[in-house]
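The block underneath contains the structure these notes are about, expressed in structure tokens.
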Amino acid sequence: MKLAFVVQRYGLEISGGAELHCRWVAEHMKKYFEVEVLTTKALDYITWKDHYPRGEEVINGIPVKRFSVTQTRNPKRFGRIQNYILENEHRLEDELKWLEEEGPYSPSLIKYINEHQNDYDYFIFFSYRYYHSYCGINSLPQKSILVPTAEHDPVIYLKIFKDLFRKPRAIIYNSVEEKKMINSLSQNMDVLGDIVGVGTEIPSQFSSEGFRRKYQIEGDYIIYIGRIDENKGCHKLFDCFLRFKDEIDSDIKLVLVGSNKLKIPSHSDIAYLGFLSEEDKFSALEGALLLMMPSFYESLSMVTLEAWALRIPVLANARCEVLKGQCMRSNAGLFYENYEEFKEALGFLISSPGLCEAMGKNGQEYFRQNYTWEVIENKYLSILDQLEKEK
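Mind the numbering: the sequence shown is residues 26 to 416 in our numbering, read in order.
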């Protein structure tokens with residue numbers, strides 16, 4: 026069997042999101058099948074401009090074919106079109122124009138899929154909301170598998186997507202909440218689907234003590250790992266943490282890891298470390314009292330799974346249904362809707378080491394039962410086996 030993984034960006038430089046999710050699954054599936062990746066030449070997810078010069082390369086043993094982005098994204102024009110379709114009655118053509126403007130707009134990628142569809146048994150499309158998934162699935166639904174990585178944001182209610190979720194042969198969901206949301210809005214219960222998610226790659230060596238020495242971090246700290254921007258709720262995290270420090274006598278520190286898109290408050294107990302290697306990231310996570318997850322929108326949250334794999338509890342934004350659901354199912358995290366709940370939960374956790382340890386154990390067990398690579402691989406194999414039997 027030959028599989029094509031189709032995703033908006035692909036490369037070792039991309040350290041999170043659907044792109045990393047896709048790469049990890051592709052690398053694990055190559056143990057069982059012939060695997061290729063079809064993607065664009067983009068690296069920057071704001072403009073989608075071509076970055077990689079070569080059309081073909083091999084990454085970790087997997088052939089990767091890259092296609093040019095014909096039209097880079099103009100953020101202002103895209104913003105105007107998005108506001109229009111979300112706030113006004115509009116035509117189907119307006120939604121298709123939005124799809125092109127969102128990007129990455131690569132007709133040559135779709136042309137290749139159409140011309141070489143007989144070279145592959147199945148095309149596995151990652152991220153429902155992009156041009157490659159919409160056009161690819163509509164071109165050959167009979168060979169399509171979709172991994173939506175859908176969040177509860179307004180664009181999911183566009184008509185083009187309600188129809189899209191009814192077309193692939195199978196859908197691989199990240200969470201219970203994602204499946205319920207998509208089933209509800211598209212009534213696609215007759216499409217084969219399973220809740221799978223993704224595993225994680227834990228380095229063989231890392232050290233919280235080494236991390237503390239290297240970055241001069243002393244005392245207890247909570248940690249945020251990921252893109253530091255408004256879309257991830259980081260501005261609200263800063264507000265809550267600073268108010269907590271003003272009101273509560275605590276030496277707790279906030280450590281921030283990841284690329285920064287926001288102004289970070291200047292405070293002696295906030296340490297911004299930037300983008301870290303995987304070894305340093307896991308070392309930092311291992312030494313934390315808990316992981317902060319302030320995001321309003323997630324389809325899974327890979328870093329939450331990484332925290333639980335290391336027995337680290339989580340404090341999450343309750344307004345994100347996925348994070349709240351994961352915390353409840355695992356008994357490995359608390360959640361908050363406002364500052365008062367944030368203050369009570371954080372104060373309770375930092376003063377309750379026994380509870381943190383118990384929640385961490387729960388998280389690790391939840392990870393082992395649901396997100397080891399053996400579990401993930403077997404779910405993919407089961408779906409593909411069912412599709413083969415239906416031929």
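Ideal placement from N, C-alpha and C gives every residue a C-beta, glycine not left out.
- No Cβ-Cβ contact shorter than 7 angstroms links L412 with R191.
- Per the DSSP secondary-structure output, L316 pairs in a beta bridge with I248 and V339.
- Around the CB of M26, fewer than 16 other CB atoms lie within 10 Å, so the residue is classed as exposed.
- Residue pairing by DSSP places A67 opposite D75 in a beta bridge.
- In this structure Y77 is not in contact with R98, their Cβ atoms being roughly 17 angstroms apart against a cut-off of 8 angstroms.
- Contact between L374 and L315 holds: CB atoms are separated by about 6 angstroms, below the 8 angstroms threshold.
- Per DSSP, the beta-bridge partners of F30 are V62 and I149.
- Inter-residue distance for I181 and E38 is about 28 angstroms (C-alpha atoms, whole angstroms).
- DSSP, reduced to helix, strand and coil, places F231 outside both helices and strands of the structure shown, so it counts as coil.
- When secondary structure is reduced to three states using DSSP, F190 falls in the coil class, being assigned neither helix nor strand.
- Around the beta carbon of S308, 16 or more other beta carbons sit within 10 angstroms, so the residue counts as buried.
- Here K56 has E402 as same chain residues with Cβ atoms under 8 angstroms from its own Cβ, once five neighbours each way along the sequence are excluded.
- The straight-line gap separating the alpha-carbon atoms of I247 and K414 is approximately 49 angstroms.
- Here E81 is bridged, per DSSP, to K90.
- For A334, the enclosing alpha helix (DSSP H) begins and ends at M327 to A334.
- Look at the beta carbons and you see the segment 144–158 touching the segment 170–185: at least three pairs across the two are nearer than 8 angstroms.
- F360: member of the beta strand (DSSP E) spanning G358 to Y361, first to last residue.
- The segment 79–96 makes contact with the segment 121–134; the number of CB pairs closer than 8 angstroms reaches 3 or more.
- By the Cβ neighbour-count rule, M353 is exposed, with fewer than 16 other Cβ atoms within 10 Å of its own.
- Using a C-beta cut-off of 8 angstroms, the segment 69–83 makes no contact with the segment 104–111, since fewer than three inter-stretch Cβ pairs fall below that distance.
- In this structure, E202 sits near E346, with a CB-CB distance shorter than 7 angstroms.
- Annotation for Q96: Y130 place their beta carbon closer than 6 angstroms to its own, counting only its chain and skipping 5 residues before and after.
- Apart from the 5 residues on each side of it in sequence, L359 sits with its Cβ closer than 6 angstroms to the Cβ of L340 and A370 in its chain, given in chain order.
- Counting the other Cβ atoms within 10 Å of the Cβ of Q351 gives 16 or more, which makes it buried.
- Taken through DSSP and simplified to helix, strand or coil, V282 comes out as strand.
- Taking the Cα positions, E140 is about 14 angstroms away from N163.
- With fewer than 16 neighbouring CB atoms inside 10 Å of its own CB, K286 falls in the exposed class.
- Shown here, Y240 sits in a helix according to DSSP, grouped into three states.
- Taking each of I185, L63 and K101 in turn and checking the Cα distance to H115, the smallest one comes out for I185.
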